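Asker:
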């Protein structure tokens with residue numbers, strides 16, 4: 011039986027990618043294992059799609075604002091894929107998206123980081139409704155790993 | 011009846027600004043809702059004052075170190091305003107400031123980020139005393155949303 | 011009687027540095043003090059060794075990739091030193107390294123941030139085994155406090 015959020019993803023026409031293996035010696039997520047408040051911490055995700063990185067380079071240079079917003083949405087899909095993996099496939103266990111931490115590779119004259127990271131923020135609200143609303147930061151970076159345009163990490167409260 | 015921290019703010023001559031609406035599709039704070047340890051997560055705040063952004067640009071370029079410290083203090087006031095809003099107006103429910111995450115827009119030759127973010131850190135200690143002492147990071151960024159000089163997010167333990 | 015992790019550190023030939031005092035008005039760690047899930051939050055650490063900062067400057071400019079990896083490992087040792095201090099000397103109370111947040115000072119053409127932060131990530135796994143595996147982000151910064159090459163903060167679940 012498909013879960014509530016799986017049904018919501020289907021309604022939205024969203025097919026989550028497989029959770030990507032990390033590119034270094036860390037793990038894609040950790041869970042706190044005891045007590046009343048449980049959290050899952052998702053490692054910084056990039057714009058993987060169909061097994062490859064998309065949207066390389068800096069916003070304001072080789073990447074447009076519109077492209078960067080799409081890029082952030084793809085990063086959001088990877089966050090959801092990792093979260094689902096962390097929850098043994100059951101996204102209904104998400105109580106709340108606590109926070110996104112958004113880094114945007116950009117030129118020094120680009121100041122629309124909030125619009126970029128909205129690509130991921132909007133996705134969380136589409137998928138989880140009110141429970142998808144989160145705190146966040148959105149800041150500029152001169153360069154990101156593997157020259158990706160957007161990197162976002164996340165924290166969810168779970169049951 | 012004014013609370014203990016409200017009294018402390020009055021003693022310090024601090025008049026908190028109204029909590030600003032977020033500039034994008036997120037929320038200014040989230041609370042974890044169950045269990046023994048409760049946290050409030052404050053989204054990255056900027057130097058809003060009297061409804062406008064102040065201190066635009068990079069430290070080392072158009073913004074001096076002294077200005078940047080004042081800027082960080084204003085950001086800290088906005089963090090307090092959001093925290094008060096999250097706690098239904100009762101800042102006495104703050105058990106501890108857990109962490110500040112500080113981003114400073116700066117030129118590549120500027121290395122005094124800790125002094126800048128002290129503008130907010132000192133404010134937390136003035137207002138909350140020992141409970142205001144926190145972990146933090148302070149790093150440089152090439153540019154920040156809406157060209158602000160300082161962005162800081164925060165996490166508080168609350169009751 | 012030496013603890014399990016102290017024994018592991020000895021086996022690895024690791025002699026932890028003394029925990030450094032913070033360079034500004036914050037504290038090197040905070041602990042949440044109640045409830046089932048306990049966390050210790052370690053403030054952003056730099057490459058202090060023998061009381062001095064090492065590896066100044068940006069990767070891709072004055073600092074090589076190999077040097078940056080060593081630098082990140084030294085930062086990791088400082089994280090462990092602060093964690094031990096936070097736990098009254100008993101690193102056996104670490105349940106899990108939840109997350110590292112890694113900032114690498116680098117030139118705009120450098121994209122191997124994950125390899126750099128591995129210097130600290132590998133250390134956590136060497137010392138804590140499976141419990142040392144963590145979520146993390148690794149991003150570029152144009153400059154870091156006191157011109158250090160790497161700054162990393164951390165969160166641990168503790169008992």
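Residue numbers (our numbering), protein chains in the order written: chain A, 11 to 169; chain B, 11 to 169; chain C, 11 to 169.
Backbone N, C-alpha and C fix where the C-beta goes; we use that ideal spot for every residue, glycine too.
Predicted, not measured: the structure shown is a model, and the values here were computed from it.
1) Would you say residue 81 of chain B reaches chain C, if we count a Cβ-Cβ gap shorter than 8 Å as a contact?
2) Please list the residues of the segment 137 to 156 of chain B that have a C-beta atom closer than 8 Å to any C-beta atom in chain C, keeping them in chain order.
3) Answer yes or no: do residue 77 of chain B and residue 14 of chain B have a C-beta to C-beta separation smaller than 8 Å?
4) Given a cut-off of 8 Å on the beta-carbon distance, is the pair residue 144 of chain A and residue 168 of chain A in contact?
5) Taking DSSP as the reference, what is the three-state secondary structure of residue 68 of chain B?
6) Could you check what DSSP says for residue 17 of chain C in three-state terms: helix, strand or coil?
7) What residues of chain A sit near residue 35 of chain B, judged by a beta carbon separation below 8 Å?
8) Tell whether a beta-carbon distance below 8 Å holds between residue 120 of chain B and residue 161 of chain B.
9) In three-state terms, what does DSSP make of residue 63 of chain B?
10) Would residue 92 of chain A and residue 29 of chain A be called neighbours here (beta carbons separated by less than 8 Å)?
11) Could you pull the start and end residues of the alpha helix (DSSP H) that residue 126 of chain C belongs to?
12) Report the rounded CA-to-CA distance for residue 63 of chain A versus residue 99 of chain C, giving the unit in angstroms.
13) Chain A partners of residue 52 of chain B, CB-CB under 9 Å?
14) Verify the CB distance criterion: does residue 112 of chain B have a CB-CB separation below 8 Å to chain D?
15) Output the distance between the C-alpha atoms of residue 95 of chain B and residue 59 of chain A, rounded to the nearest integer angstrom.
16) Examine chain C for any beta-carbon lying closer than 8 Å to the beta-carbon of residue 167 of chain B, and answer yes or no.
17) Listing by chain order, which chain C residues have their CB less than 9 Å from the CB of residue 163 of chain A?
18) Could you please give the first and the last residue of the uninterrupted beta strand (DSSP E) stretch that includes residue 151 of chain C?
19) Taking the DSSP output, what are the residues bridged to residue 165 of chain A?
20) Are any of the Cβ atoms in chain B nearer than 8 Å to that of residue 121 of chain A?
21) Less than 8 Å between the C-beta atoms of residue 79 of chain B and residue 164 of chain B, yes or no?
22) Mind checking which residues open and close the beta strand (DSSP E) that includes residue 40 of chain A?
23) Are the beta-carbon atoms of residue 141 of chain B and residue 85 of chain B separated by less than 8 Å?
24) Which whole-angstrom value is the C-beta distance of residue 138 of chain B and residue 111 of chain B, which I expect to be below 8 Å?
25) Tell me the residue span of the alpha helix (DSSP H) that contains residue 93 of chain C.
26) Smallest Cα separation from residue 34 of chain A: which of C/82, C/22, C/131 and C/70?
27) Exposed or buried, which one is residue 25 of chain A when buried takes at least 16 other CB atoms within 10 Å?
28) Count the other C-beta atoms from every protein chain shown that fall within 10 angstroms of the C-beta of residue 21 of chain B, then say buried if there are 16 or more, exposed otherwise.
29) In whole angstroms, what separates the C-alpha of residue 38 of chain A from that of residue 124 of chain B?
30) Per the DSSP calculation, residue 160 of chain B is bridged to which residue(s)?
31) Would residue 152 of chain B and residue 32 of chain C qualify as a contact pair, given that the criterion is a beta-carbon distance under 8 Å?
32) Going straight from the alpha carbon of residue 40 of chain B to that of residue 128 of chain A, what length do you get?
33) Tell me, to the nearest whole angstrom, how far the beta carbon of residue 50 of chain C is from that of residue 159 of chain C; I am working on the premise that it is less than 8 Å.
34) With 8 Å set as the bound, which would you pick, yes or no: does the beta-carbon of residue 59 of chain A sit closer than that to a beta-carbon of chain B?
35) For residue 66 of chain B, collect the residues of the same chain with a Cβ closer than 7 Å to its Cβ; drop the 5 residues on either side in sequence, then sort them by chain order.
36) Residue 8 of chain C CB to nearest chain A CB: under 8 Å?
Answerer: Short version:
1) no
2) 143, 144, 145, 146, 147, 148, 149, 150, 151 and 152
3) no
4) The answer is no: Cβ separation not under 8 Å.
5) If DSSP states are grouped into helix, strand and coil, residue 68 of chain B belongs with coil.
6) Note: residue 17 of chain C maps to helix in three-state DSSP.
7) What residue 35 of chain B touches in chain A: 128, 131, 132 and 135.
8) no
9) strand
10) yes
11) If you look at residue 126 of chain C, you'll find it in the alpha helix (DSSP H) that goes 123 to 138.
12) 43 Å
13) 145
14) In the displayed structure, chain D is absent; the protein chains listed are A, B and C.
15) Answer to the nearest angstrom: the Cα atoms are 39 Å apart.
16) yes
17) 109, 111, 145, 146 and 147
18) 145 to 151
19) A/51 and A/109
20) yes
21) no
22) For residue 40 of chain A, the enclosing beta strand (DSSP E) covers residues 39 to 41.
23) no
24) Between residue 111 of chain B and residue 138 of chain B the Cβ distance is about 18 Å, and since that is not below 8 Å, they are no contact.
25) 75 to 96
26) Ranking C/82, C/22, C/131 and C/70 by CA distance to the CA of residue 34 of chain A puts C/131 first.
27) exposed
28) exposed
29) Whole-angstrom Cα-Cα distance: 30 Å.
30) B/114
31) no
32) Cα to Cα, residue 40 of chain B sits roughly 17 Å from residue 128 of chain A.
33) The pair is not a contact, with the Cβ atoms about 25 Å apart (cut-off 8 Å).
34) no
35) 157, 158 and 159
36) This structure cannot settle anything about residue 8 of chain C, because the visible part of chain C is limited to 11 through 169.
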